Amino acid sequence: MPKLAEKSQAGQKGTPDWPALTLESLIYAALLGGAAFIRFYALGRWPLLEGEARQALSAWRFLHGGAPPSAAVPLLFDSATLSFFLFGAGDAAARLVPAALGTAVVLLPLALRRRLGTWGALAATLMLAFSPTLVFYSRTLAGTIPGLAGLGALLLAVEYAELGQGRKARLVGAAGLAVALTSSPWVYTALLAGLALYGLALLARRRADRWADWGTLTGKVAALLRERRAWLGLGLGVALLSTAVLMRLGGLQATADLLAAWLGQLVPGSGGRSFGYPLAVLLFYETGTLTLGVAGLAVELRRRSLWAAFLGLWAGLVLVQATVSGARDGELVAQAILPLALLGGLAVEALVAWLRPAQPLWVGGSLAVFSVLVGFWWLQLTAYFNPAAVALLGSYLQAVWFLCLATPLVIAMAGAVLWRWVGRSETIWALSLLGLGVAGCLLVRNSVSLNHVYARDPREPLVVAPTSVDVRDMVSFLETWSVREALDQHALTIAASPDLEPLVPWYLRDFSALRLSSAPEDMAEAEALVTTGAVEGLETSGYASTTYRLRTVCDAPFADSYSAFGWWLLRVGGGAVRPETCRLWVRP
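Residue numbering for the sequence shown follows the working numbering, starting at 83 and increasing by one per position.
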């Protein structure tokens, strides 16, 4: 095997295993650059979702003299406030900190290279860099990515503790846990996994059933937990982040509310969807990561790795909680991506170590055969699941369906023939390269489709009631109308229905005379009105109206298997979409 695949020995030196300036370093640099590009490119292109607008509006009002909000998520409030102070309020500025933290999470496998191995760390970095789910939440003002970044810092702190670097472990661990506890309720699932595994390991120890890294891992972690300075640092970090450096004392209650939100998700059916919906979302976007993660867990459990058992328990508890709650959004499911990617890296490392030397020429030939067959299969699937092609095929549709079913059998037969005539090693190499290549291509394809092409299409299962770009058109019209009426872009007196908060107040924030009211006297004085529907008497009072889409909704993204697979394959079909609108009234 190439030297690149050898297990590192940096743990013997007491330092993380950082690669030298080699081809491997260039690959990491390319992956980091790709991760940053896909997260930061056109960050403000799409309007804020309703949850994003709520957090952003709270920060903007606070900066403009409003009362400190009581319900805003502490870390999101802090990050939006800081971004608005430095760069001005805007959709892109609101998302800067999640995008930066999402890029930083990509480097976690590099810091854990001693555990993952060379190839495993590279594979895990690739999965985290282009994960459709993680990229989506990196481009969203939500607590998912900050929470994962904090938990990643905890894993790094454990690594430092094992290497005997107690001071770094305390600093990184306290900072990471403070960020996690003030950003997302779902971090408690990972903490629960750690406690559960500790109990299971104690039980195994009493039965003289030691795990490979039990003594070293638990001993160092226990020593870290006994450090009073670590707990003091954690308390200080939580207090400062919760209160926005003592500017928002009510943020301590908001941090406590995150625990209540997590407990609420333990109620069966609390998410309002079927129990299988969250797992279907994970399979839709993260098939390769899920498959490799399960394989890595199976391999490492046979080796009795306590660290891998924690990752598996973490991912398992997340998926169980998501399934029980039936959550519509993917925030909870996204928490499983990090442990699954790390386990997937372990699977790739084990695969590379298991592969035997092979003849490159025969590997290339076998790979070409498999690639042609898989490409042919893909074309048949696209024809069968494309409604436009189905209309043209007519009576040939059954033949195409037969080819869709028969091609996997042909691929299996080709594998058996190559195994027998060419050789076992060459065939396994070809299948491994093909599988990893297809998984990587699908990962990048799904990530680009979700985050840059169809980011506000409600037929995407991860997108919940996306805000329509029509909202920005409404703002442009009002600015133009204000210039016409008052020679100032933001001089209009506008009254908006309270139930349009937070989206309409966020996008009309620059209109200083904006009021949230449905009282008749306020409407009578306003030069423009924004309502959720028709209002009796306005048309006879001299107002003219037009309708704008506020958001679009797809109630059943997985309406049936045919439309769901067609959307995954070609982004055609999908569930039925309905608009939610608002009406703008002005006096001509």
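Think of the CB as a built atom: it goes at the ideal place given N, C-alpha and C, for glycine as much as any other residue. None of these values were measured; they are calculated from a predicted model.
According to the Cβ coordinates, are residue i and residue j closer than 8 Å?
i, j, result
"S213", "T373", "no"
"A397", "L422", "yes"
"T629", "D581", "no"
"P228", "P180", "yes"
"F452", "A496", "yes"
"S448", "T509", "yes"
"L208", "P584", "no"
"L569", "A595", "no"
"L590", "V557", "yes"
"G332", "R252", "no"
"P439", "L323", "no"
"G258", "A239", "yes"
"A473", "L395", "no"
"W511", "V445", "yes"
Alpha carbons only, please: which of the options is nearest the one belonging to residue i?
i, options, result
"L491", "L463, S514, L455 and P191", "L455"
"Y359", "D637, F484, A498 and L190", "D637"
"F166", "S152, A471, P150 and H146", "H146"
"G199", "Y280, A312, G378 and L263", "G378"
"D552", "G333, T634, A162 and L611", "T634"
"R177", "A278, A471, R631 and S161", "S161"
"A275", "G317, L399 and G333", "L399"
"Q137", "L164, L651 and L113", "L164"
"A175", "R196, R221, R197 and T369", "R221"
"L273", "L393, L190 and L474", "L393"
"P670", "Y625, T663, R631 and F647", "Y625"
"G522", "E382, W344, Y367 and E241", "Y367"
"H572", "S531, W563 and T226", "W563"
"G133", "G346, A111, D173 and F169", "D173"
"S531", "A616, M605, A488 and W649", "W649"
"L525", "L341, V261, L651 and L306", "L651"
"P587", "T325, V612, A321 and R527", "V612"
"L487", "W460, L475, S477 and R502", "W460"
"F144", "V254, V188 and M329", "M329"
"G427", "L383, F593, R311 and L204", "L204"
Evaluate residue i with the Cβ neighbour count: other Cβ atoms within 10 Å of its Cβ, from every protein chain shown; 16 or more gives buried, anything less gives exposed.
i, result
"S671", "The structure shown does not extend to residue 671, since the chain spans only 83 to 670, so no value can be given for it."
"G202", "buried"
"E88", "Unreliable positioning characterises E88 in this predicted model, as indicated by a pLDDT of 45, which lies under 50. A coordinate reading is not provided."
"A235", "buried"
"W389", "buried"
"S623", "exposed"
"D555", "exposed"
"S529", "buried"
"P350", "exposed"
"E607", "exposed"
"L424", "buried"
"G148", "exposed"
"P84", "With a pLDDT of only 46 at P84, under 50, the local geometry of the prediction cannot be trusted, and the value read off the model is given with reservation. Result: exposed."
"Y110", "buried"
"V363", "buried"
Rounded to whole angstroms, what is the Cα-Cα separation between residue i and residue j?
i, j, result
"W142", "L245", "44 Å"
"L500", "V520", "20 Å"
"L666", "V327", "40 Å"
"R506", "L516", "15 Å"
"A231", "Y123", "21 Å"
"I576", "A135", "19 Å"
"L433", "S514", "8 Å"
"L463", "A193", "41 Å"
"V430", "A380", "12 Å"
"A610", "V668", "5 Å"
"L105", "V659", "48 Å"
"G317", "Y219", "27 Å"
"V71", "G248", "Since the first residue of the chain shown is 83 and the last is 670, residue 71 is not available in this structure."
"V504", "W436", "19 Å"
"A224", "L334", "18 Å"
"V482", "A471", "11 Å"
"L479", "A112", "43 Å"
"F647", "L560", "42 Å"
"Q441", "L340", "56 Å"
"S90", "V188", "Model confidence at S90 stands at a pLDDT of 46, short of 50, so the residue's coordinates are unreliable; what they give is reported in the following sentence. Answer to the nearest angstrom: the Cα atoms are 20 Å apart."
"V217", "R597", "36 Å"
"V376", "R385", "15 Å"
"T489", "R196", "41 Å"
"Y644", "P543", "15 Å"
"R502", "T215", "41 Å"
Quick one: does the C-beta of residue i sit closer than 7 Å to a heavy atom of the ligand HEM?
i, result
"Q335", "Although the ligand HEM was asked about, the structure shown includes no ligands whatsoever."
ask   = Would you call the stretch 257-274 and the stretch 401-414 in contact, with 3 or more CB pairs under 8 Å?
value = yes
query = Does the stretch 109-122 come close enough to the stretch 181-189 to have 3 or more Cβ pairs within less than 8 Å?
reply = yes
task = Spell out a yes or no on whether the stretch 523-540 and the stretch 124-134 are touching, meaning 3 or more CB-CB pairs, one atom from each, closer than 8 Å.
result = yes
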